[in-house]
Amino acid sequence: MNQEELKELIYYLSQKDISEFSIERADLAVRIKRRVEVQNDADASILSTLLPGNAAFAGTGPLSAARADSPVSSNEVKDEQLQMLKSPWVGIFHSSKASNSQPFLSKGEKVKVGQVVGMVDVLRLMHEIHSDFAGEVHEVIVGDREPVEYGQPLFAVRPEKTN
Amino acid sequence: MFKNVLIANRGEIAVRIICACKELGLKTVAVYSEADSESSHVRLADAAVCIGPPRPADSYLNIPAVMSAADIADADAIHPGYGLLSENARFAEICEGSKIKFIGPPPGVIRLMGEKEKARQAMKNSNIPILPGSDGVIATADEAAQWARQIGFPVIVKACAGGGGRGMRVIRSQAELEKSFNAAQSEAKAAFGNGSLYMEKFIERPRHIEFQVLGDSYGNVVCLGERECSIQRRHQKLLEESPSMHVSEDLRHRVSRALESCLSSIGYVNAGTVEFLMDEGGNLHFIEMNTRVQVEHPVTEMITGIDIVKSQLLIASGASINDLVPSVTRYGHAIECRINAEHPEKFTPSAGTIRTFRLPGGNGIRIDTAAYAGATIPPYYDSLVAKLITHGRDRTEAIMRMRRALEMFEVEGIHTTIPLHRRILDDVGFEEGNIDTKYLERLFAPQNSARAA
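Protein chains in written order, with our numbering: chain A, 228 to 390; chain B, 281 to 733.
In structure tokens form, the structure reads like this:
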């Protein structure tokens with residue numbers, strides 16, 4: 228990220244009234260905090276699209292990553308403690324076993340290591356997605372039957388404290 | 281005509297295919313690995329799907345991930361580019377089975393040309409000259425000795441399943457035959473899981489000359505002439521040009537007509553390249569056929585005015601050669617220099633971030649690249665950064681243009697082959713056309729011996 232991009236980012240954050248932003252990549256860590264009034268927690272609890280390898284500003288959908296100028300998701304990481312449960316496959320995400328059954332995982336629920344959290348339909352073959360950490364679901368990011376790409380965040384989870 | 285083309289490749293060729301699609305009004309879908317999220321092809325395509333981690337086996341070669349991307353992005357055709365899945369007959373079959381148009385030849389033809397011995401046989405049947413060699417697979421060193429006596433030393437043994445120099449040995453005498461044969465066999469087995477070898481006459485100082493063809497689905501094949509690709513290092517081409525100084529109008533005509541009738545009878549469809557070695561006497565000998573677009577295709581495009589990648593898309597959608605290429609006319613001379621992210625003398629790969637990327641321009645210059653200032657060259661893929669192509673009314677003009685273009689081309693942050701190309705373009709031997717596949721060895725030889733002294 229060069230200075231120009233950084234300036235652009237700060238301008239954008241202030242435009243959207245985003246108070247805090249952080250991003251980490253192999254060779255870069257940026258954390259921006261603005262002094263603004265404390266917002267209602269519920270309204271502000273929205274998430275950013277931390278796409279794999281960081282197409283950071285590319286939007287949420289798997290098919291929207293083509294342009295850096297495509298609309299940025301209205302979301303933001305509010306809590307750097309959150310961990311992303313990502314899709315290990317390219318395909319169609321299924322949040323429940325059948326269209327009329329309960330979702331595998333909803334907001335506010337606890338998730339255990341190894342628990343099935345959803346399925347991805349890869350060329351008409353269903354693959355279960357297992358959680359690789361335990362915690363509480365803070366946000367469900369991808370809706371039922373939405374296309375997902377490799378590494379796309381599906382759930383934001385607040386990890387369980389191990390001690 | 282299909283509407284939405286998925287490009288199962290990366291780098292400059294993915295961008296090249298996007299250009300062709302845009303000019304035909306087609307939508308494009310890029311696929312990319314986690315290492316390529318900031319790549320030009322991802323930015324330039326209409327849609328992009330991340331298909332896996334950086335390792336090619338987990339992303340660009342991962343057929344289920346590529347097919348699933350085509351599925352969710354609603355692509356109705358796939359262009360495989362070169363390398364990666366482009367000559368994978370199984371992949372072409374899977375596309376066919378999924379009702380997605382594979383932009384290339386039918387799977388059966390890919391498979392035929394992929395098995396070197398069968399390809400040789402097919403060419404031989406159509407009276408295309410092949411190198412004197414064994415008819416079929418050689419199983420033992422004893423059999424190899426018999427063939428070598430018949431063909432005459434020096435000979436070369438090669439892996440049937442092979443490529444890239446592995447499972448390959450030059451054998452100059454009976455004394456070294458057994459040892460070399462066995463070494464090649466175990467190397468082939470380890471590299472390709474198949475120890476089958478065949479034998480050919482070895483040419484000491486061959487020229488590498490290839491012919492570009494286009495075939496349609498109605499049995500028409502047209503040959504677009506040759507490219508001279510003799511300047512290589514370890515079987516990697518570095519500089520290509522067309523026409524070759526060593527191919528006469530008569531030879532070009534004869535080989536072109538023979539290839540057209542041979543490939544028409546095989547049922548060859550789409551773009552392909554037939555590779556030959558030229559011996560010291562100026563005779564051509566078939567070595568192999570590549571059933572895809574080549575890195576060096578722009579050289580032919582520049583002198584014929586035919587857009588090969590656009591032709592590939594149109595042929596795949598049912599166009600006929602008679603409409604696409606009513607006649608082939610050549611004008612002038614074209615040269616391509618491959619600018620690789622490599623040390624210009626040691627040839628070690630040079631991954632890293634490009635700090636400065638200043639391109640030459642002006643009359644007769646073409647650059648095919650996916651690179652830009654600030655781009656990172658990841659260590660996982662091939663090292664091609666840009667192709668610099670010049671076109672002139674004759675070879676001298678193309679050379680003078682290339683010299684000034686190389687002088688104006690500035691890349692900082694990574695090592696490139698630009699200094700090496702400057703050296704080649706300034707060399708009297710190159711200017712005189714005194715080139716063969718041993719050219720670079722000779723270019724470096726005086727320097728090396730000076731260093732040793």
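All C-beta atoms in this analysis are idealised placements derived from N, C-alpha and C, irrespective of residue type, glycine included.
The model shown is predicted, which means the values in this text are computed figures rather than measured ones.
Once the 5 residues before and after residue i are set aside, which same chain residues still bring their CB inside 8 Å of it?
i, result
"D706 of chain B", "R683"
"E508 of chain B", "R487, H488, I489, E520, E521, S522, P523, S524, M525, H526, V527 and I715"
"K339 of chain A", "S358 and A361"
"M353 of chain A", "H321, M346 and V347"
"A678 of chain B", "E521, G612, H613, A614, I615, G644, T670, H671 and G672"
"Y652 of chain B", "S320, I634 and F637"
"D674 of chain B", "G612 and H613"
To the nearest angstrom, how far is the alpha carbon of residue i from that of residue j?
i, j, result
"C375 of chain B", "G345 of chain A", "28 Å"
"G642 of chain B", "I352 of chain B", "42 Å"
"K313 of chain A", "R372 of chain A", "16 Å"
"E361 of chain A", "G442 of chain B", "Before going on, a small fix: residue 361 of chain A reads as Ala here, not Glu. Looking at the two C-alpha atoms, the distance is approximately 48 Å."
"W316 of chain A", "T717 of chain B", "45 Å"
"V549 of chain B", "F637 of chain B", "38 Å"
"A425 of chain B", "G413 of chain B", "12 Å"
"I259 of chain A", "S246 of chain A", "8 Å"
"A428 of chain B", "Y478 of chain B", "11 Å"
"K404 of chain B", "G378 of chain A", "50 Å"
"A325 of chain A", "V329 of chain B", "26 Å"
"A271 of chain A", "F371 of chain B", "For A271 of chain A, the pLDDT reaches just 30, beneath the cut-off of 50, and the residue's location in the model is therefore unreliable, leaving the point undetermined."
"S333 of chain A", "A345 of chain B", "27 Å"
"T633 of chain B", "N229 of chain A", "13 Å"
"A256 of chain A", "L236 of chain A", "14 Å"
"H701 of chain B", "Y238 of chain A", "45 Å"
If we define contact as Cβ-Cβ less than 7 Å, is residue i a contact residue for chain B?
i, result
"G341 of chain A", "no"
"L350 of chain A", "yes"
"E366 of chain A", "no"
"V317 of chain A", "yes"
"E336 of chain A", "no"
"Y377 of chain A", "yes"
"P374 of chain A", "yes"
Is the Cβ-Cβ distance between residue i and residue j less than 7 Å?
i, j, result
"S320 of chain B", "A631 of chain B", "no"
"S510 of chain B", "M281 of chain B", "no"
"M582 of chain B", "M393 of chain B", "no"
"L411 of chain B", "H565 of chain B", "yes"
"E367 of chain B", "I331 of chain B", "no"
"Q512 of chain B", "A551 of chain B", "no"
"D230 of chain B", "R290 of chain B", "Past the boundaries of the shown model lies residue 230 of chain B; chain B is included only from 281 to 733, so the question cannot be answered."
"I483 of chain B", "D603 of chain B", "no"
"L381 of chain A", "V369 of chain A", "yes"
"A310 of chain B", "A325 of chain B", "yes"
"R765 of chain B", "T580 of chain B", "Coverage of chain B is limited to positions 281 through 733, which leaves residue 765 of chain B absent and any answer about it impossible."
"S544 of chain B", "G499 of chain B", "yes"
"V450 of chain B", "I436 of chain B", "yes"
"E314 of chain B", "P334 of chain B", "yes"
"I298 of chain B", "G361 of chain B", "no"
"V349 of chain A", "G318 of chain A", "yes"
"E555 of chain B", "I567 of chain B", "yes"
Using a Cβ-Cβ cutoff of less than 7 Å, which residues in the same chain neighbour residue i once the five nearest sequence positions on both sides are dropped?
i, result
"H623 of chain B", "S630 and H695"
"E458 of chain B", "A421"
"E373 of chain B", "P387"
"A402 of chain B", "L392 and I546"
"C542 of chain B", "M403, S406 and I408"
Apart from the five residues on each side of it in sequence, which residues of its chain come closer than 6 Å, Cβ to Cβ, to residue i?
i, result
"D254 of chain A", "none"
"S476 of chain B", "V417 and C440"
"T628 of chain B", "none"
"E687 of chain B", "none"
"R400 of chain B", "I410"
If we cut at 7 Å on Cβ distances, does residue i have a partner in chain A?
i, result
"V329 of chain B", "yes"
"I352 of chain B", "yes"
"M347 of chain B", "yes"
"G693 of chain B", "no"
"G291 of chain B", "no"
"G305 of chain B", "no"
"G361 of chain B", "no"
"E561 of chain B", "For the record, residue 561 of chain B in the displayed sequence is Gly; it is not Glu. No, G561 of chain B does not count as interfacial toward chain A."
"G377 of chain B", "no"
"M281 of chain B", "no"
"G495 of chain B", "no"
"G632 of chain B", "no"
Contained beta strand (DSSP E) runs [length at least 3] in the segment 326-352 of chain B, N- to C-terminal order: Counting only runs of 3 or more, we get 327-332.
Taking the runs of the beta strand (DSSP E) that are 3 residues or longer, which of them lie wholly in the segment 528-583 of chain B? Those beta strand (DSSP E) runs which fall completely within the segment 528-583 of chain B and span 3+ residues are 550-558 and 564-570.
As an exercise, report each continuous beta strand (DSSP E) stretch of at least 3 residues that is fully enclosed by the segment 628-708 of chain B, in chain order. Counting only runs of 3+ residues, the beta strand (DSSP E) found wholly inside the segment 628-708 of chain B occupies 636-638, 645-649, 664-672 and 690-692, in chain order.
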